[in-house]
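**Q** Let me give you the structure first, and then I'll get to my questions.
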Amino acid sequence: MQTTKVNQTVLNEFVLVGFSMYPHVQIFLFVVFLCLYLLSLTGNLAIMGLTWVDRSLHTPMYLFLGALSLSETCYTLAIIPKMLADLRTGHRSISVAGCGLQMCFFLGLGGTNCIVLTLMGYDRFLAICNPLRYPLLMTDVVCGQLVASAWAGGFLISLIETVLIFRASFCSPNLVKHFFCHMRAVVRLSCADSDLTESIVTAISVSGLTGTFLLILTTYVFILSTVFRIPSAEGKQKAFSTCASHLTVVIVHFGFAAIVYLKPEASGGDDTLMAVPYTVITPFLSPLIFSLRNKDMKNALRKVLGKRSFLNK
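According to my numbering, the sequence shown is numbered sequentially starting from 6.
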């Protein structure tokens, strides 16, 4: 098998098979994904804009939320426009270099999202479990340093994975059985034996996902133990309300990610369809959940819309 691969032509570009296996629903998928993308883009840009213009939202909690919205905006930008273009035009080729860049940004921004969600859990832990020391522990400077560390950590891991995958040349057939350059789909086209590389990059991704999820889970164990000791029902409800949106997004984000990355290789199922919730639906749901379940965001939006209507008069 390895000798056959080496004797084949070295590739300069890939063809993303994507949704070409479903030719009769191309237009329908294009319309659905375009609507979801525009809505998620609008929601994330609205969150970033509100946290920027409304001074009452200049707190670590909303700075982390703005950072999450920024990373999710870039995350979807890395894959969805190309996917939409492929659905519309049928031109599914991508250069090897372009594939490497797309993979690097997708993995880096996905890792950044996981770390920022972990930092948001840590922020809630400090606010609820150490309320008196919270202003000293979570300053604007510390918040900025943590966000920068999240971006650095996410892209450090993605660079390691991308270099491991693209250090060898690729052989035909050049068909990537996905709608973007997913690491598992690309590494299987390597001219060399890809089993070891696939195992390493999968282990790195799974370790990152499970590690950040366990950290979030640990913070919520401490949060819940503190909340249950609050004597008043109103105090408990207020504490739970500050965590509800974050916890919902964590469940959605890591739940869909687990379907993609923790699926055994031997199991069936279409990897292309299984990746849709994680890459398209999650970025759409996140701003929706944070906007609908957050009174401060709603009030900030009302103030901005009120000022605009006043100026128009």
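We put the CB at the ideal spot given by N, CA and C, even for glycine. Computed from a prediction, not measured in an experiment: that's the story for all the values here.
Would the stretch 134–150 and the stretch 200–209 be scored as touching if the rule is three or more Cβ pairs under 8 Å?
**A** Contact between the stretch 134–150 and the stretch 200–209 is absent, because fewer than three Cβ pairs lie under 8 Å.
**Q** Do G23 and T277 have their CB atoms nearer than 8 Å?
**A** Cβ distance < 8 Å, so G23 and T277 count as in contact.
**Q** Short of 7 Å in beta carbon distance, which residues of its chain neighbour V206, apart from the five on each side in sequence? Order them along the chain.
**A** Once the five neighbours on either side are set aside, the close Cβ partners of V206 are E166, L169, I170, M188, V192.
**Q** Give the DSSP bridge partners of V255, in chain order.
**A** Bridge partners of V255: none, in fact.
**Q** Can you tell me the Cα-Cα spacing of G273 and L131, whole angstroms?
**A** With a pLDDT of 49 at G273, under the threshold of 50, the modelled position of this residue cannot be trusted; read the value that follows with caution. The alpha-carbon atoms of G273 and L131 are separated by roughly 43 Å.
**Q** Please state whether DSSP places S204 in a helix, a strand or coil.
**A** Helix.
**Q** Does the stretch 65–75 touch the stretch 89–103, meaning 3 or more C-beta pairs lie closer than 8 Å?
**A** The stretch 89–103, when compared against the stretch 65–75, does not touch it at the 8 Å Cβ threshold.
**Q** Verify whether the separation of the beta carbon atoms of S163 and G105 is less than 8 Å.
**A** Going by C-beta atoms, S163 is not nearer than 8 Å to G105.
**Q** What is the DSSP secondary structure of F175, reduced to helix, strand or coil?
**A** F175: strand per DSSP, three-state reduction.
**Q** Short check: CB of F227 to CB of C134, under 8 Å?
**A** Yes, the Cβ-Cβ distance between F227 and C134 is below 8 Å.
**Q** Assuming Y42 and I84 form a contact by the criterion Cβ under 8 Å, report the distance between their Cβ atoms to the nearest whole angstrom.
**A** No, Y42 and I84 are not in contact; Cβ-Cβ is about 10 Å, not under 8 Å.
**Q** First and last residue of the alpha helix (DSSP H) that includes S76?
**A** 65–94 is the span of the alpha helix (DSSP H), which, as asked, contains S76.
**Q** Could you check where the beta strand (DSSP E) with I99 kicks off and where it finishes?
**A** Note, I99: beta strand (DSSP E), 98–100.
**Q** In whole angstroms, give me the CA-to-CA distance for L319 and S237.
**A** The structure shown does not extend to residue 319, since the chain spans only 6 to 318, so no value can be given for it.
**Q** Would you give the residue range spanned by the alpha helix (DSSP H) that F33 belongs to?
**A** 31–58 is the extent of the alpha helix (DSSP H) around F33.
**Q** Return yes when the Cβ of L214 is within less than 8 Å of the Cβ of Y266, no when it is not.
**A** A contact, by the Cβ cut-off of 8 Å.
**Q** Taking buried to mean at least 16 other C-beta atoms within 10 Å of its own C-beta, is N299 buried or exposed?
**A** Buried is the call here.
**Q** Are there 16 or more other CB atoms within 10 angstroms of the CB of L316, so buried, or fewer, so exposed?
**A** Residue confidence is low: L316 scores 47 on pLDDT, short of 50, so the model does not pin down where it sits. Its coordinate-derived value is still stated next. Answer is exposed; the Cβ neighbour count stays below 16.
**Q** Pick out the complete alpha helix (DSSP H) segments inside the stretch 180–246, 4 residues or longer, and give them in chain order.
**A** 188–192, 200–232, all fully within the stretch 180–246.
**Q** My output table needs one value for V22: the three-state DSSP class, helix, strand or coil.
**A** Coil, per DSSP.
**Q** According to DSSP, is P28 helix, strand or coil?
**A** In the structure shown, P28 sits in a helix (DSSP, three-state: H, G or I).
**Q** Which two residues bound the contiguous alpha helix (DSSP H) that contains M279?
**A** From DSSP, the alpha helix (DSSP H) with M279 extends over 276–281.
**Q** With 16 as the cutoff for other CB atoms within 10 Å, does Y80 come out buried or exposed?
**A** Result: buried.
**Q** Beta-carbon within less than 6 Å of I294's beta-carbon, same chain only, minus the 5 sequence neighbours each way: which residues are those?
**A** Taken in chain order, the residues that qualify are S250, T253, V254.
**Q** From what residue to what residue does the alpha helix (DSSP H) around L16 run?
**A** Run containing L16: none; DSSP gives neither H nor E here.
**Q** Given this structure, state the Cα-to-Cα distance separating A305 from F38, to the nearest angstrom.
**A** About 29 Å.
**Q** Sorted by chain position, which residues of the same chain lie with C-beta nearer than 7 Å to T64's C-beta, five sequence neighbours on each side aside?
**A** Cβ within range, chain order: n/a, list empty.
**Q** Tell me the rounded alpha-carbon separation between T144 and C186.
**A** If you take the alpha carbons of T144 and C186, they lie about 39 Å apart.
**Q** Between the alpha carbons of Q31 and T123, how many angstroms are there, rounded?
**A** Q31 and T123: Cα-Cα distance of roughly 37 Å.
**Q** Rounded to whole angstroms, what is the Cα-Cα separation between L55 and M88?
**A** Going by the C-alpha atoms only, they are around 29 Å apart.
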